[in-house]
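Residue numbers (our numbering): 218 to 544.
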Amino acid sequence: MTHGMLLGKFLPPTQGHAYLVDFARASCDKLTVLVCTLPDEPIPGALRAEWMREMFPRCEIVHYSEVVPQTPEEHPRFWDIWRRLIRASVPEPIHRVFASEPYGERLAAELGAEFVPVDLYRRAVPVSARAVRADPMAHWRFIPPVVRPYFLRRVRVVGPESTGKSTLTAELAAHFNTCFAEEYARPLLEPKQGQCALDDIPRIARGQRASEDALARQANRVLFCDTDLTTTVIWSELLFGECPAWIRAEAANRRYDLTLLLDVDVPWVDDNQRYFPERRRELFDRFAAAFADQPGALLTLSGGFDERRAQAIAAVQELLRRPVTAG
């Protein structure tokens with residue numbers, strides 16, 4: 218049985234890393250991937266190892282997090298140190314070392330293994346982890362789905378009933394060529410003619426959360442969310458005078474880069490799932506107060522629907538131009 222090994226920082230994993238690992242896995246019977254991280258790096262090492270385990274379940278993923286020299290210039294016994302740490306982390310005999318960097322040849326020699334170069338000139342997958350960190354929006358197609366939520370911009374569209382939230386959310390997703398998480402409550406309550414009970418609130422919260430988290434892996438740079446868990450908290454309090462504590466906590470922990478709050482200066486349109494047309498201004502004030510204390514930018518959209526759409530598009534374009542604060 219041939220045993221292969223490769224190592225890297227995977228800061229973050231890219232489609233170039235995926236090509237390297239898939240190439241190596243197809244070239245040996247067993248593959249060990251050593252994820253080498255330092256505590257002061259911008260993306261937590263444990264998270265990178267978790268990403269790699271999810272991406273490559275058929276490989277042995279080993280996380281090494283001790284502080285060691287990173288280049289031969291940093292320590293005269295650099296290669297001795299790395300040979301020992303690899304032997305300790307990967308005790309089985311290593312027959313092949315795969316790498317997309319020239320260091321792989323020396324590393325293979327130190328381990329008594331065959332060196333297998335993979336895309337040394339970065340022509341197969343022209344990307345680097347450094348380029349992704351510097352501008353993830355520009356290199357989005359090279360970011361694996363499991364990693365995308367870390368860099369993704371999230372925009373929620375919120376506000377009282379009959380202010381155009383669902384229509385605007387879909388239009389924004391189409392404009393920016395991405396997907397959106399619809400309001401989970403609406404199709405859930407449709408068979409009940411829109412009547413909501415207290416025991417529906419946890420189901421709505423779980424569904425909204427799951428939809429956003431699942432679509433975060435498919436979204437193209439930005440994910441639009443039609444309502445959110447804070448909205449669920451507000452409606453639960455309004456309808457029932459209470460809300461489960463876990464939903465409050467989850468709503469407080471979720472992060473959005475931009476909140477688009479829709480004003481009530483548009484006509485009311487009735488349907489079987491809308492409540493309290495006479496209290497829209499009161500509800501708007503409750504929404505405004507709730508979102509004012511949460512992280513991320515808050516923008517109130519007023520005026521006609523075309524005007525709101527133009528304001529929203531401009532705000533999202535500005536958001537995508539800003540440097541990404543990941544996490």
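Here a beta-carbon is modelled for each residue, glycine too, at the ideal position from N, C-alpha and C.
Name the DSSP bridge partner or partners of R313?
-> Beta-bridge pairing links R313 to G221 and E331.
Nearest CA to the CA of S282: which residue from R275, I260 and E291?
-> For the residues R275, I260 and E291, the minimum Cα distance to S282 belongs to I260.
Does the separation of the CB atoms of L536 and L440 fall below 9 Å?
-> L440 sits away from L536, with the two beta carbons spaced by 9 Å or more.
Looking at C-beta atoms only, is the number of pairs between the stretch 409-425 and the stretch 382-390 that lie closer than 8 Å three or more?
-> With fewer than three CB-CB distances shorter than 8 Å, the stretch 409-425 does not count as touching the stretch 382-390.
Simplified DSSP state of K277, which is helix, strand or coil = This sequence places Glu at residue 277; Lys is not what is there. Strand.
Closest to V533 by CA distance: which of L223, K409, A266 and N394 is it?
-> Selected option, being the one with the closest Cα: N394.
C-beta contact flag for L456 and P377 at 9 Å | Contact flag unset, no.
Below 7 Å CB to CB, which residues in the same chain sit around A390 once its five sequence neighbours on both sides are set aside?
-> Shown here for A390: same chain residues with a beta carbon closer than 7 Å to its own, the five before and five after excluded, namely C396, F397 and F441 in chain order.
Which residue's Cα is closest to the Cα of D445: R301, R373, G520 and I530?
-> When the alpha-carbon of D445 is set against those of R301, R373, G520 and I530, the nearest one is in R373.
C-beta contact flag for L328 and I298 at 9 Å | Result no, Cβ atoms of L328 and I298 do not sit closer than 9 Å.
Determine the direct distance from the alpha carbon of R472 to that of G513, and round the result to whole angstroms.
-> Taking the straight line from one Cα to the other gives about 7 Å.
Beta-carbon contacts of R371 that lie in its chain and below 6 Å, excluding the five residues immediately before and after = Within the same chain, Cβ atoms closer than 6 Å to the Cβ of R371 are found at L440, Y473 and D474, the five residues on either side in sequence being excluded.
Rounded to the nearest angstrom, how far is the Cβ of D443 from that of E399, given a contact under 8 Å?
-> Contact between D443 and E399 holds: CB atoms are separated by about 5 Å, below the 8 Å threshold.
Expressed to the nearest angstrom, what Euclidean distance is found between the alpha-carbon atoms of G458 and L264?
-> If you draw a straight line from the Cα of G458 to the Cα of L264, it comes to about 39 Å.
For Q232, which option in R313, P404, F295 and R365 has the closest C-alpha, if you only look at C-alpha atoms?
-> Closest by alpha carbon: R365.
Member of A436, T517, P353 and P362 whose CA lies at the smallest distance from the CA of P540 | Nearest option by C-alpha distance: P353.
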